[in-house]
Amino acid sequence: MLRSCDVEELNKYKSNGSDQSGDKSKLKIAIVGFGNFGQFLAKTIVRHGHQVLAYSRSDYSHVAQELGVSYFNDADDLCEQHPEVILLCTSILSTEKVLKSLPVQRLKRSTLFVDVLSVKEFPRKLFLQHLPSYFDVLCTHPMFGPESGKNGWKGLPFVYDKVRVGRDESRTSRCDQFLDIFASEGCQMVEMSCAEHDWHAAGSQFITHTTGRFLEKLELEATPIDTKGYETLLSFGGEYCWR
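The sequence shown: position 21 = 21 (the UniProt record's numbering), numbered continuously.
Have a look at this one:
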């Protein structure tokens, strides 16, 4: 017959086991580049219960604290936390420099690298060129931003290419867990090669970003009598100039 103290210990063991199995369903994700878009993604990732770390060349420690994100001023310190996912949220121009500056030797050899750039062949080639083959690579393009996604991501396209993901269950499961953040938010998940993405996006991305940057240069401001059309132009300029 079990004594009361034995029952108590057994329940404690079950409780601890349950907690540990629950932890396995959560990822430790390090966001490198914690500007507007990095912060935008972090809000939802944190809400899903994942542990989020961040590193950026500017000091966003106060913002990170408000979002429930652990902020690091040193890339070595970040990598020594052994995140399962490195999420690059840098600009196109700075991506190569940032990637090459990361002390990847401090990471676990199974770490998953993810980018969110609006072009895909470029980061794909960078990852394959500069990262050792034991790292996994997932190229993605959330086709929305802080403005278009401010009221939710339902129905918004999320393009991804599993460029290099190990076949063992732990690696495939981790990649799927990361993608599930966006799928569970209602994104339209589109698996597509980086080359095909860039072929489709060449025309639309060019005119979209060119128009956005042109509107930004005009320095348009809101007025008390804005029409809906003018409000759309204002939001358009802000939305497509962040990268």
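Beta carbons: idealized from backbone N, C-alpha and C, even for Gly.
Note that the structure is predicted; figures quoted are calculated from it, not measured.
{"Query": "Secondary structure, beta strand (DSSP E): runs of 3+ residues fully inside the region 54-96", "Result": "70-72, 85-88"}
{"Query": "Neighbourhood of Ala222 by C-beta, 7 Å cutoff - its chain only, sequence neighbours within 5 removed", "Result": "Leu234"}
{"Query": "Start and end residues, beta strand (DSSP E) containing Lys125", "Result": "Unbroken run through Lys125 is the alpha helix (DSSP H), 121-130; no beta strand (DSSP E)."}
{"Query": "Classification of Ile31 by the beta-carbon crowding that lies within 10 angstroms, buried from 16 upward", "Result": "buried"}
{"Query": "Ser21 burial status per 10 Å Cβ neighbour count (16 or more: buried)", "Result": "Any reading at Ser21 must be qualified, since the residue scores a pLDDT of 40, below 50, and its modelled position is unreliable; no value is offered."}
{"Query": "CA-to-CA distance, Leu67 to Lys28, given in whole angstroms", "Result": "15 Å"}
{"Query": "Close Cβ partners of Asp76 (< 8 Å) along its chain, the five nearest in sequence each way excluded", "Result": "Pro103, Arg106"}
{"Query": "Beta-bridge partners of Tyr160, as assigned by DSSP", "Result": "Thr140, Glu191"}
{"Query": "Per DSSP, the bridge partner or partners of Ile29", "Result": "Val52, Val85"}
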